[in-house]
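In this note's numbering, the protein residues as written are 15 to 138.
Glycine included, each C-beta is placed from N, C-alpha and C at the ideal position.
Report on the structure given below.
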Amino acid sequence: MGPPLNKAVSCIEAAFFIYKFMSTEKEIGCYILSSQKINKFYIGACQENLNQRIQKHNTSFYGKKSYTSITNDWTLYLFIPTKTYTQAIAIEQKIKAMKSRTYIQNLKKYPEMVEKLMLKTSST
């Protein structure tokens with residue numbers, strides 16, 4: 015008789031978490047992090063493993079004076095995958111130019127807004 019199903023599921027979930035966290039697969043796109051401690055968002059572009067990038071933000075890898083060093087509870091709020099790093103930067107700049115918390119929340123709430131943003135930046 016094998017282990018109880020819930021224990022097997024827990025093992026599978028743990029294995030997936032370890033794979034995803036340790037994976038070196040590169041992901042190209044624009045990401046938005048959120049912090050509950052300071053109630054802020056951070057917008058960035060990525061062309062490396064996203065989980066490793068978030069870990070760097072949470073460990074002040076980018077320096078004690080970097081924006082993300084003010085807290086260590088950054089979590090992924092939204093990831094917009096792109097084909098090129100140039101497009102990821104263009105999306106990052108457009109989101110930052112909006113200077114709007116509501117705009118960021120609406121990007122997550124309304125996928126059609128992300129599609130429109132992707133179309134606007136597809137030539138980059």
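Beta bridge counterpart(s) of residue i as assigned by DSSP
i, result
"Glu106", "Glu106 is not bridged to any residue."
"Leu90", "Leu47"
"Tyr56", "Leu47"
"Ile42", "Gln61"
With 16 other Cβ atoms within 10 Å as the buried cut-off, status of residue i
i, result
"Ile52", "exposed"
"Tyr117", "exposed"
"Ala59", "buried"
"Thr135", "buried"
"Ser137", "exposed"
Residue i: CB within 7 Å of a non-hydrogen atom of the ligand ADP
i, result
"Ile118", "With respect to small molecules bound, the structure shown includes none, and the ligand ADP cannot be examined in it."
Pairwise C-alpha distance: residue j and residue i
i, j, result
"Ile46", "Lys113", "13 Å"
"Met132", "Pro95", "9 Å"
"Tyr91", "Gln66", "15 Å"
"Thr89", "Lys108", "21 Å"
"Ile103", "Lys122", "18 Å"
"Lys70", "Glu39", "16 Å"
"Thr73", "Asn86", "7 Å"
"Gly77", "Ile84", "10 Å"
"Ala111", "Pro125", "19 Å"
"Phe75", "Met127", "32 Å"
"Phe55", "Glu62", "20 Å"
"Lys97", "Gln50", "30 Å"
"Leu64", "Ser48", "14 Å"
"Ile68", "Cys44", "12 Å"
First and last residue of the uninterrupted alpha helix (DSSP H) at residue i
i, result
"Tyr117", "115-123"
Expected contact under 8 Å - CB spacing of residue i and residue j to nearest Å
i, j, result
"Ile57", "Glu106", "5 Å"
"Ile42", "Tyr81", "Contact flag wrong, Cβ pair sits at about 22 Å."
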